[in-house]
Amino acid sequence: MNINSTVLTSKRFITLGALLAMVATILGAFAAHVLKTRFSDLQMDVFKTGVFYQMIHSLALLFDGMLLVQFNNRFIQISGWLFLAGIFFFSGSLYLLSLCTVKAVGLATPIGGLFFIFGWFLLAIGIHKA
79 MNINSTVLTS KRFITLGALL AMVATILGAF AAHVLKTRFS DLQMDVFKTG VFYQMIHSLA
139 LLFDGMLLVQ FNNRFIQISG WLFLAGIFFF SGSLYLLSLC TVKAVGLATP IGGLFFIFGW
199 FLLAIGIHKA
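Numbering (the numbering used here) for the sequence shown: 79 to 208.
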């Protein structure tokens with residue numbers, strides 16, 4: 079891979095990871111202070127699960143960006159994109175499920191989960207091959 083594009087992708091991952099972690103923090107605070115009086119226990123659990131997985135994978139995206147600069151590996155780069163897609167599909171669908179009654183949105187949740195799983199798998203391969 080071209081080192082300039084690797085550095086650019088790395089910066090994107092680190093920046094997006096930081097911003098998505100910030101958003102997860104805001105959403106967690108919003109849930110704790112505003113939604114707890116408006117949501118059922120089930121809705122809160124679903125929303126909090128989205129926040130938890132968003133935070134974990136935002137940090138994974140930060141980590142991925144740092145590793146990408148060090149190892150310049152295609153597997154590590156793809157894992158970052160999978161973490162990002164997983165956040166939007168998995169956590170995003172959980173937020174929507176807790177906020178609205180459209181259950182069809184729940185079909186995106188397992189797809190997001192698979193993105194997370196494959197992301198971790200490719201990250202492990204990328205580190206091993208480095």
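Using N, Cα and C, we set each Cβ at its ideal position, and we do this for glycine too.
Check, Outcome
"Ala149 in three-state terms, based on DSSP", "For the record, residue 149 in the displayed sequence is Phe; it is not Ala. Helix."
"Residue range of the unbroken alpha helix (DSSP H) whose run includes Thr87", "Ile81 to His111"
"Given Lys126 as reference, the closest of Ala182, Phe194, Ser169 and Arg90 once Cα atoms are compared", "Ser169"
"Own chain partners of Leu94 with C-beta closer than 7 Å, once the 5 adjacent residues on each side are dropped", "Leu139 and Leu162"
"Three or more C-beta pairs below 8 Å linking the stretch 185-200 and the stretch 116-125", "no"
"Ala208, enclosing alpha helix (DSSP H) - first and last residue", "Run containing Ala208: none; DSSP gives neither H nor E here."
"Cβ-Cβ distance between Ala107 and Met133 below 8 Å", "no"
"Inter-residue Cα distance where the pair is Thr115 and His206", "47 Å"
"Buried versus exposed, by CB contacts within 10 Å (16 or more), Gln155", "buried"
"Of the residues Trp159, Leu120 and Thr187, the one placed nearest Lys89, counting alpha carbons only", "Trp159"
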